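To get the numbering used here, take the position in the sequence shown, counting from 1, and add 12. To start, the structure itself, in structure tokens.
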Amino acid sequence: MSHELRTPLNAIGGYAQLMEMGLHGPVTTAQREVLGRITGSERHLLRLVNGLLDLARIEADKNDYTSAEIFLAEVFEGIVPMVELQLARKRLTMDSSIAPDLAVRGDAEKVKQILLNLLVNAVKFTAEGGQITVAGTADANSNRVSLTISDTGIGIAENKLAATFEPFRKLAERT
13 MSHELRTPLN AIGGYAQLME MGLHGPVTTA QREVLGRITG SERHLLRLVN
63 GLLDLARIEA DKNDYTSAEI FLAEVFEGIV PMVELQLARK RLTMDSSIAP
113 DLAVRGDAEK VKQILLNLLV NAVKFTAEGG QITVAGTADA NSNRVSLTIS
163 DTGIGIAENK LAATFEPFRK LAERT
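Here it is in structure tokens:
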């Protein structure tokens, strides 16, 4: 099923990129902007499809995980460019304090996706001019690592916290 869903999406993105490169003639500024939106939407839809396919694998108990040492600062630095435009548009500031040697063991792609989802939500629900803070700490006594993403956004009411772990549950649309 994944092939049937991903192939048309990749084709849409590929054709948009070919047009953007001017393969079929000159591209105006307005057309380039629209092609950028098409490409961005294709990527977003592909992420959604991948998420649904991951969920189907989890529910079927057929999910594959790879376990390796993951340096959280490196993962975080890799996802920041994915939200830089949104940060700039909303004039948000972001501070991070994750030690370069702070590491966990797990599936790097899954950790990256979780951090990206949390960061995207922080950006989405923080009002213009707000602040996002990312902090990573290690507790040597308990052998645990804590990664916190906090923001000056609308927050989650205490009576709705449990609902954040329900599949497909949305608590709010936007700020």
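By construction, the Cβ of each residue, glycine as well, lies at the ideal position given by its N, Cα and C atoms. These numbers were taken from a predicted model, which means no experiment stands behind them.
Span separating the alpha-carbon of Ala147 from that of Gly167: Against the sequence shown, residue 147 aligns to sequence position 135. Against the sequence shown, residue 167 aligns to sequence position 155. Cα to Cα, Ala147 sits roughly 18 Å from Gly167.
Using only the alpha-carbon positions, how far apart do Ala169 and Leu35 sit? Translated into positions along the sequence shown, residue 169 becomes position 157. Translated into positions along the sequence shown, residue 35 becomes position 23. When rounded, the distance between both Cα atoms is 52 Å.
Do Glu54 and Ile24 count as a contact pair if the criterion is CB distance below 8 Å? Taking the first residue of the sequence shown as position 1, residue 24 is located at position 12. Taking the first residue of the sequence shown as position 1, residue 54 is located at position 42. Result yes, Cβ atoms of Ile24 and Glu54 sit closer than 8 Å.
What are the boundary residues of the alpha helix (DSSP H) that Ser53 is part of? Position 41 of the sequence shown holds residue 53. Segment 41-71, the alpha helix (DSSP H) holding Ser53.
If we require 3 or more residues per run, which beta strand (DSSP E) segments fall completely within the segment 74-132? 80-83, 105-109, 115-118
Just to confirm before moving on: does the CB-CB distance between Ile82 and Ala120 stay below 8 Å? Your numbering for residue 82 matches position 70 in the sequence shown. Your numbering for residue 120 matches position 108 in the sequence shown. In contact: Ile82 and Ala120 (Cβ atoms closer than 8 Å).
Mapping DSSP to helix, strand and coil, what is Thr176? If you number the sequence shown from 1, residue 176 lands on position 164. In this structure, Thr176 counts as helix in the three-state DSSP scheme.
Cβ of Val132 less than 8 Å from any chain B Cβ? No chain B appears in this structure, which consists of one protein chain only.
So, with DSSP's three-state summary, where would you put Thr138? Start at 1 with the first residue of the sequence shown, and residue 138 comes out as number 126. Here Thr138 sits in coil by DSSP.
Would you report the Cα separation of Ile110 and Lys136, rounded to the nearest angstrom? One-based indexing of the sequence shown puts residue 110 at position 98. One-based indexing of the sequence shown puts residue 136 at position 124. Going from the Cα of Ile110 to the Cα of Lys136 covers about 22 Å.
List the residues that DSSP assigns as beta-bridge partners of Ala147. Residue 147 sits at position 135 when you count from the first residue of the sequence shown. Answer by DSSP bridge pairing, in chain order: Ser109, Thr160.
Where Leu67 falls, given that 16 or more other Cβ within 10 Å makes a residue buried: Residue 67 sits at position 55 when you count from the first residue of the sequence shown. Exposed, because fewer than 16 other Cβ atoms sit within 10 Å of the Cβ of Leu67.
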